[in-house]
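Colleague:
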Amino acid sequence: MDLVDEMNEACNTDEESSFSLVPTLDMSFDTMEGKYVSSIRPEVNSLPSQTNQCPAGITIARKNDKWFVRTVVLDHSHDLCPQTSNLIRGNRQLNMHAKHTLEVNDDAGVRINKSFLSIVSEAGGYENMQFVERDARNYIGQHRRSLCKEGDGQALLRHFSKMRDQNNEFFYDIEMDEDNRITSVFWADARSRAACDEFGDVMSFDTTYLTNKYDMPFAPFVGVNHHVQSILLGCGLLS
């Protein structure tokens, strides 16, 4: 007698009982499974687009190297807020007056948040603004990195050219963007290049120095010589 038969004999008190521990192909189970209900309100727990399933949108397709509009749905499943449409990313922009104010205040050492608040006050409130504080910070960051714009980039080029004339072993490399603004700089003099040939097996690259007004980290390349002394192998400015 196997284990299943022994258990059936022990459990069944009635010979006519249909109870059996032998599984069959038609077994079914009842579960107490339920659906989790969050205690957080839907309007707080989910984004509006996820909650409302807004169908509004536009789809385009390409055929024979031409683009055409396939579908356009203008119906929204939620209330619109046209008074804040000016703050949608595609509609935000800085006018010339705002750019000039931010540049002048930044050159004078005024914090960006204070400059932004002054522009908000001048505009008569946030509802009249065409950009947000993040846009102002992004613009100032670009302005600080525009070395050529204020002549510093040209001065740097003249200095590097002078150093190259004095010593042919002086090396520099400058990268610029589409607006001819400097985005990164690397340079190494003759002594650093010679040290790199001898002790360039191991070097460190540190970008923690951010002391210039252009928000371009200063990155020294540092190695170690045979006297266990730190030596400078090159320098860079990164955007």
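So for the sequence shown, our numbering puts the first residue at 1313; every next one is plus one. All C-beta atoms, glycine included, are put in the ideal place defined by N, C-alpha and C. On a predicted model such as this, the values are computed, not experimentally measured, just so you know.
If you check the beta carbons only, do Ala1502 and Glu1487 fall under 7 Å apart?
Modeller: Against a cut-off of 7 Å, the Cβ pair of Glu1487 and Ala1502 comes out as no contact.
Colleague: Between the C-alpha atoms of Phe1428 and Leu1414, what's the straight-line distance to the nearest angstrom?
Modeller: In a straight line, the C-alpha of Phe1428 is about 8 Å away from that of Leu1414.
Colleague: Between Ile1372 and the rest of its own chain, which residues show a CB-CB distance below 8 Å, the 5 nearest in sequence each way excluded?
Modeller: Contacts found: Trp1379, Phe1380, Val1381, Arg1382.
Colleague: Alpha carbon to alpha carbon, how far is Gly1402 from Ala1500?
Modeller: In a straight line, the C-alpha of Gly1402 is about 43 Å away from that of Ala1500.
Colleague: Quick one: give me the first and last residue of the alpha helix (DSSP H) that Glu1432 is part of.
Modeller: In the sequence as presented, Glu is not what sits at residue 1432; that position holds Val. Per DSSP, Val1432 belongs to the alpha helix (DSSP H) from 1424-1435.
Colleague: What would DSSP say about Val1416, mapped onto helix, strand or coil?
Modeller: Correct three-state label for Val1416: helix.
Colleague: Roughly how many angstroms lie between the CA atoms of Met1475 and Phe1511, to the nearest whole one?
Modeller: If I take the Cα positions, the gap works out to 24 Å.
Colleague: Which of the three DSSP states, helix, strand or coil, is assigned to Cys1393?
Modeller: Coil at Cys1393, not helix or strand.
Colleague: Please classify Glu1355 as buried or exposed, where buried requires at least 16 other C-beta atoms within 10 Å of its C-beta.
Modeller: Since pLDDT at Glu1355 reaches only 38, below the 50 mark, its modelled position is unreliable, and no value is offered.
Colleague: Taking just the CA atoms, how far does Ser1496 sit from Gly1548?
Modeller: Their backbone Cα atoms lie some 7 Å apart in a straight line.
Colleague: Quick check on the DSSP output: the alpha helix (DSSP H) that includes Ala1368 runs from which residue to which?
Modeller: Counting along the chain, Ala1368 falls outside any alpha helix (DSSP H), and DSSP gives it neither H nor E.
Colleague: Within this structure, are the beta carbons of Ser1516 and Val1540 separated by less than 7 Å?
Modeller: Not in contact: Ser1516 and Val1540 (Cβ atoms no closer than 7 Å).
Colleague: So, are the CB atoms of Ile1424 and Ile1400 less than 7 Å apart?
Modeller: No, these two residues do not count as a Cβ contact at 7 Å.
Colleague: Taking 6 Å as the line, does the beta carbon of Gly1548 fall inside it for any heavy atom of the ligand COA?
Modeller: Summarising the ligand content, the structure contains no ligands, and the ligand COA is consequently not present.
Colleague: Look at the alpha carbon of Asp1465 and the alpha carbon of Arg1493, and state the distance between them as a whole number of angstroms.
Modeller: Asp is not the amino acid found at residue 1465; the sequence shown has Gly there. For Gly1465 and Arg1493, the distance between alpha carbons rounds to 8 Å.
Colleague: The alpha helix (DSSP H) spanning Arg1504 covers which residue range?
Modeller: First, the residue type needs correcting, since residue 1504 is Ser and not Arg in the sequence shown. Taken as a continuous stretch (DSSP letters only), the alpha helix (DSSP H) holding Ser1504 covers 1502-1511.
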